[in-house]
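For reference, the structure discussed in these notes is given below.
Numbering (the UniProt record's numbering), first residue to last: 1 to 193.
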């Protein structure tokens with residue numbers, strides 16, 4: 001293949017994913033804009049939002065890259081089977097890493113805001129919100145990751161080209177949506193504490 005053919009192929013594969021990423025980012029922004037009252041109700045939550053969203057992209061982007069590498073090397077088959085130990089282990093590790101990172105982000109946000117004497121919600125409230133949002137978005141992103149990587153690979157696309165933009169978009173959209181659900185759920189359970 002010539003350089004031109006490689007470039008055309010790369011753009012052909014990447015442009016739809018990048019377009020979906022753009023639309024998804026705008027959707028996430030709309031949901032975030034609608035969360036103003038929820039963000040005000042939980043002091044310090046706005047500081048936590050970028051950390052939680054970055055965590056989703058990093059952890060589940062890594063899962064997608066791991067799956068793509070496994071496909072390229074022939075270590076995994078591009079289909080979901082209950083007995084595939086490597087696939088289960090990769091998904092479980094990503095979910096565990098995502099939850100640990102969410103816990104750390106909530107604790108760090110609380111500690112930093114407390115040291116700065118800035119208003120901040122109780123540590124348990126921030127941790128609860130981060131863990132609920134992390135669990136919901138983690139399960140969703142693992143499913144999306146596996147589906148996109150396997151479907152793209154079976155259709156002849158390079159899954160490495162698809163993973164980045166689609167995981168980022170899905171992480172932003174579902175991350176914000178599940179953060180809203182987490183805020184409302186934890187507030188319902190804990191009350192106005």
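All C-beta atoms in this analysis are idealised placements derived from N, C-alpha and C, irrespective of residue type, glycine included.
| Asked | Found |
| --- | --- |
| Neighbour-count burial assignment, residue 1, 16 or more Cβ in a 10 Å radius | exposed |
| Alpha-carbon to alpha-carbon, residue 19 and residue 153 | 19 Å |
| Whole-angstrom C-beta distance between residue 133 and residue 182, which should lie under 8 Å | 4 Å |
| N-terminal and C-terminal residue of the alpha helix (DSSP H) that residue 157 is part of | Neither: residue 157 is in no alpha helix (DSSP H) and is coded neither H nor E. |
| Selected residue, minimal CA-CA separation from residue 66, among 46, 51 and 87 | 87 |
| Candidates 61, 79 and 71: closest to residue 95 by CA position | 61 |
| Residue 183 CB to nearest heavy atom of the ligand ATP below 7 Å | The model on display carries no ligand, and the ligand ATP is accordingly not part of it. |
| Residue 98 beta carbon less than 8 Å from that of residue 64 | no |
| Beta-carbon spacing of residue 113, residue 131 below 8 Å | no |
| Exposure of residue 11, with buried meaning 16 or more beta-carbon neighbours within 10 Å | exposed |
| Whole-number beta carbon distance between residue 128 and residue 186, since they are thought to touch under 8 Å | 4 Å |
| Reference residue 32; option with closest CA among 191, 188, 179 and 189 | 179 |
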